[in-house]
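Residue numbers (the numbering used here): 722 to 1126. Positions of the beta carbon are idealized from the N, C-alpha and C atoms, including for glycine. See below for the structure under consideration.
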Amino acid sequence: MMTIESFEEAAEAVSKVTQETKLVYSEYYSEQTGNKVYFKPENMQFTGAYKVRGAYYKISTLSEEERAKGLITASAGNHAQGVAYAAKLAGISAVIVMPGPTPLIKINRTKGYGAEVVLAGEVFDEACEHAYKLAQERGLTFVHPFDDLAVATGQGTIAMEIIKELPTVDYILVPVGGGGLCAGVATLAKLLNPKIKVIGVEPAGADCMRESLKAGHVVELPNVNTIADGTAVKCPGEKIFPYIQENVDDIITVEDSELIVAFLDMVENHKMIVENSGLLTVAALKHMDVKKKKIVSVLSGGNMDVITMASIVQHGLIQRDRVFTVSVLLPDKPGELARVSTLLAKEQGNVIKLEHNQFISINRNAAVELRITLEAYGTEHKNAIVQALNDAGYRPKLVKTSGTY
């Protein structure tokens, strides 16, 4: 069971392998929400995520016989690195089964800690099924990423650090995938101060915990669809579910589009890289219907590859009207393109791309299409550019902008 004594033991154990992640006050989000907002930056851990806590504590509780067999686990990436790193420190071999679409940075870092990586399935649940099979075939000790009370206890040490640093915290927001982190944090928070409210945050496309709480028992989703790969779980843990039921005050779900906005906000205002699952608690701040409260958002990890970052930045700029595409019709005559360029320069629109299509109409003298992808300062500036094109008689039409421009 998760008790004060087990949490204290876990805190002492994980202190040997964790970085100090002091709370970061967010002036930006505090102003946005009317609360005092703090971040618990677990993305700054050596392995890039909180998972090393549960992995290391779990390994510390294993018998010599269990250690000698070697370890195996399944993970979308962060638990993989936590187990691989903890196993390396303990001198134990480790096999990690990861879903095929796992970001390359997570695969390479896991291998870098000396673990054997096996790719299987498309989502965590399929990888986990394969890991159980391998554990039986090879006689390995299975370390579950979330449905294990020792693992959840290790993760819960985050709550001890939060409350020690901010004793008057009102709300703690925790990302939810399978539920191990949320169960550990919520249980310890309530043991230390029952008045603290703990809110779990899930991606809307993988809301297995919310559905399970509604049903009163663990529910498996038919499929999951979210960019938050670290929390793309079909079914929460059976062992930790009662702790969630007892100690979690509410579940908030967040759309993928909100994570894109949150990524840009964190980069621009805090100069921090936080992966999509870690951004769940940042996006959830705008869903909180409270004022003048002290809120801590747990940033669970920061392991994001540069290709994903580039894609999110591009989509975020489009969402904020910082990049847009407009189509105009103009006569196929020399000098027309220069006239449009002069107008755009006057309006301080920065051209990213031009597509000149002479074959939009059979009568080229009547019109050719020019598609212009532009950089703007935001919605107001975008509207001003479009209005200027309209006033000049170009009949502009906004075109859906591709994520790759």
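Check	Outcome
Measuring CA to CA, which of Q1035, Y1098, E847, I973 is closest to K955?	E847
Below 8 Å, how does it come out for the region 978-990 and the region 927-941: are there three or more Cβ pairs, yes or no?	no
Given a threshold of 16 other Cβ atoms within 10 Å of its Cβ, counted over all protein chains shown, does G775 qualify as buried or as exposed?	buried
Mind checking which residues open and close the alpha helix (DSSP H) that includes N829?	825-833
Assign I725 to one of two classes, buried (16 or more other C-beta atoms within 10 Å of its C-beta) or exposed (fewer than that).	exposed
If you follow the alpha helix (DSSP H) that A841 is in, where does it begin and where does it stop?	No alpha helix (DSSP H) contains A841, which DSSP labels as neither H nor E.
Give a yes or no on whether the C-beta atoms belonging to I826 and D1026 are separated by under 8 Å.	yes
Curious, which full-length alpha helix (DSSP H) runs of at least 4 residues does the region 991-1077 contain?	1001-1004, 1027-1040, 1057-1067
Would S784 pass as a contact of M819 if the rule is Cβ separation under 8 Å?	no
In the structure shown, what three-state DSSP assignment does V758 receive?	strand
Please state whether DSSP places V988 in a helix, a strand or coil.	helix
Counting along the chain, where does the beta strand (DSSP E) carrying G937 start and finish?	G937 -> no beta strand (DSSP E), and no H or E assigned at all.
Can you round the beta-carbon distance between A910 and I893 to whole angstroms, since I take them to be within the 8 Å contact cut?	6 Å
So the candidates are Y749, T739, T754; which of them puts its Cα closest to the Cα of S1008?	A quick correction: the sequence has His, not Ser, at residue 1008. Nearest of Y749, T739, T754 to H1008, Cα basis: T754.
Helix, strand or coil for D971? Go by DSSP, reduced to three states.	strand
Check each candidate in K1054, G1070, V1061 and name the one with the smallest Cα separation from G1099.	G1070
Do G1114 and S998 count as a contact pair if the criterion is CB distance below 8 Å?	no
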